[in-house]
C-alpha cells in the first residue's frame with residue numbers, strides 16, 4: 001500500500017468565524033462546517049470529552065485543504081502572549097501562491113493580517129512575504145513574477 005495524497009492541514013484557532021473570514025478573503029472556499037464530538041472524536045484525537053467546531057476549506061484548484069478547528073472542550077491551550085517566531089521548531093507555516101501579493105496583503109489587513117518583514121524579491125522569479133493571520137497563524141505568500 002502506498003500513500004495516496006496529503007488530505008489537509010489542521011489548524012486550531014481561537015475564533016472560527018474570524019479565521020473562516022480571513023481565509024475566505026485569501027481565496028479559499030468553505031466546503032463545509034461541522035460540530036465534532038462524541039466517542040469517535042475522543043478516540044481519534046486522544047482527548048476526553050472533545051467538543052469542537054470545524055470548517056473545511058479548499059483552494060480554488062481543489063488540490064489543497066485547511067481544516068480549521070475551534071475547541072470548546074477540552075479548553076484550547078494558547079501559544080502564550082507572544083506568537084512563536086518563524087524559526088520555532090514544529091509546524092512552520094502554510095504558503096499560498098497568489099497572483100498579486102500587494103492586493104492580497106491589502107485585502108487581508110482588515111482581517112488582522114500583520115506583515116512580519118516586508119515583501120522581498122527572490123531573483124527574477126518570486127516576490128515573497130511572511131505574515132501573521134488569525135490566532136497567530138504564520139502564513140507565507142508567493143507571487144511568481146518570472
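Numbering (the UniProt record's numbering), first residue to last: 1 to 146.
Built from N, CA and C at the ideal position, the CB exists for glycine as well.
Keep in mind that this is a model prediction, so the values were computed, not measured.
Please state the DSSP three-state secondary structure of residue i.
i: residue 31; result: strand
i: residue 9; result: strand
i: residue 19; result: helix
i: residue 53; result: strand
i: residue 121; result: strand
i: residue 109; result: helix
i: residue 98; result: coil
i: residue 75; result: coil
i: residue 4; result: coil
i: residue 114; result: strand
Look at the alpha carbon of residue i and the alpha carbon of residue j, and state the distance between them as a whole number of angstroms.
i: residue 65; j: residue 59; result: 6 Å
i: residue 63; j: residue 114; result: 27 Å
i: residue 25; j: residue 54; result: 18 Å
i: residue 3; j: residue 94; result: 21 Å
i: residue 141; j: residue 125; result: 14 Å
i: residue 121; j: residue 97; result: 14 Å
i: residue 40; j: residue 50; result: 9 Å
Just checking my contact of residue i with residue j at CB under 8 Å: how many whole Å lie between their CB atoms?
i: residue 105; j: residue 131; result: 7 Å
i: residue 69; j: residue 12; result: 5 Å
i: residue 135; j: residue 34; result: Not a contact, Cβ separation roughly 19 Å.
i: residue 57; j: residue 29; result: 6 Å
Apply the 10 Å Cβ neighbour rule to residue i and answer buried if 16 or more other Cβ atoms are within range, or exposed otherwise.
i: residue 143; result: buried
i: residue 6; result: exposed
i: residue 23; result: buried
i: residue 137; result: buried
Pairs of beta-carbons, one from the region 39-49 and one from the region 107-125, closer than 8 Å: are there three or more?
no
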